[in-house]
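To start, the structure itself, in structure tokens.
In our numbering, the protein residues as written are 1 to 169.
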């Protein structure tokens with residue numbers, strides 16, 4: 001009994017330190033928001049694995065594209081796929097990101113990676129995007145907007161393994 005109590009106390013103390021909260025649960029609603037892309041990838045990949053789908057890798061170009069779009073939504077205090085820089089295919093093509101299949105989830109108001117991914121899992125169209133069978137890579141970002149009622153704007157982009165921009169884009 002005493003050992004159980006001491007273990008519980010140790011766990012509570014550990015949870016109160018900066019390192020005690022797993023990155024997927026950390027409150028990111030702050031100016032210096034930084035997404036732990038590997039933790040997000042692992043959470044998405046566990047979900048994909050349950051559906052028999054291959055895992056995704058974090059792609060730096062998709063990370064940049066997601067950050068650009070999350071920032072665009074935050075600057076305009078609007079959630080959407082086409083704020084000021086065009087729809088996903090146009091944005092990816094303009095950034096030289098090749099793909100033959102791609103999808104994007106956007107959201108606002110989620111304060112942690114776990115909240116965002118859980119919210120998308122609970123929405124059939126967003127869930128379908130995370131489970132895009134052709135997807136092999138991903139990028140995820142959040143942008144802070146202190147004056148917005150949402151505080152955080154999110155973008156998750158998944159795409160197949162194509163490396164160069166398709167012709168005609």
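Even glycine gets a Cβ: it sits at the ideal position worked out from N, Cα and C.
Going by DSSP, which residues form a beta bridge with residue i?
i           : result
residue 138 : 58, 158
residue 152 : 144
residue 85  : Answer is none; residue 85 lacks a bridge partner.
residue 31  : Paired residue(s): none; residue 31 is not in a bridge.
residue 106 : 155
By Cβ distance below 8 Å, which residues in the same chain neighbour residue i in space, the five residues on each side in sequence not counted?
i          : result
residue 56 : 41, 44, 45, 48, 135, 136, 137, 138, 158
residue 91 : 65, 68, 69, 85
Answer yes or no: do residue i and residue j have a C-beta to C-beta separation smaller than 7 Å?
i           : j           : result
residue 70  : residue 141 : yes
residue 35  : residue 114 : no
residue 85  : residue 103 : no
residue 153 : residue 67  : no
residue 81  : residue 89  : no
residue 77  : residue 148 : yes
residue 111 : residue 120 : no
Tell me the residue span of the alpha helix (DSSP H) that contains residue i.
i           : result
residue 44  : 37-50
residue 125 : 124-130
residue 117 : 113-121
Taking the beta strand (DSSP E) that residue i falls in, what are its first and last residues?
i          : result
residue 98 : Premise fails: residue 98 is in no beta strand (DSSP E) and is neither H nor E.
Quick one: using the 10 Å Cβ neighbour count with 16 as the cut-off for buried, is residue i buried or exposed?
i           : result
residue 38  : exposed
residue 26  : buried
residue 65  : buried
residue 72  : buried
residue 59  : buried
residue 156 : buried
residue 20  : exposed
residue 133 : exposed
residue 50  : exposed
Excluding the 5 residues flanking residue i on each side, which residues of the same chain have their C-beta closer than 7 Å to its C-beta?
i           : result
residue 150 : 108, 109
residue 145 : 74, 77, 151, 153
Please list, in chain order, all residues of the same chain as residue i whose beta carbon is under 6 Å from its beta carbon, the five residues on each side excluded.
i           : result
residue 161 : 136
Step through the CB atoms of chain D and report whether any lies within less than 7 Å of the CB of residue i.
i          : result
residue 54 : Looking for chain D here will not work: only one protein chain is present.
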